[in-house]
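The sequence shown begins at 521 in this note's numbering and counts up one residue at a time. C-beta atoms are modelled at their ideal positions from N, C-alpha and C, and glycine is treated no differently.
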Amino acid sequence: MVAILGRLLNKNINSIQKEYKTLKAEEASLLKSLQMSRKELFAFAELANNDNTEEKNGSLLSILGEKTKKNLYAAITSHMKEEKSHIEMLRSIFPELSPSELSICRLIVQDKTVSQICEILHRM
């Protein structure tokens with residue numbers, strides 16, 4: 521009985537070790553493709569949290585390397601320009617709409633549902 525339990529335990533340990541090696545290899549591959557350290561990746565993920573204070577965001581941004589910051593700022597800038605051009609296009613088509621109505625139209629054009637729009641605009 522003890523021998524059987526020992527073999528099962530050994531089999532499970534080997535399985536866990538194999539899974540651990542696979543996870544570590546996947547983590548290394550992901551970090552390499554993102555060109556980030558583990559610490560930077562966790563800081564980046566935490567920045568996506570909407571509940572951060574300005575101080576916490578500043579602290580998290582200080583963890584990111586210069587290349588990561590540059591890429592992040594470039595992506596944000598590009599996204600904001602695209603959003604602005606969408607609003608300008610909607611404004612030219614519907615000049616009578618208020619700024620909040622334009623924001624809602626922009627979200628509708630992006631195929632957002634009513635519940636998603638309410639969540640984004642913090643309305644219920």
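- Taking 8 Å as the cut-off, the beta carbon of Leu580 is found closer than this to the beta carbon of Glu566.
- In this structure, Ile607 sits near Leu622, with a CB-CB distance shorter than 8 Å.
- Residue range 586 to 613 is occupied by the alpha helix (DSSP H) that includes Met600.
- Around the C-beta of Ile524, fewer than 16 other C-beta atoms lie within 10 Å, and the residue is accordingly described as exposed.
- Glu575 and Ile624 have their C-alpha atoms some 30 Å from each other.
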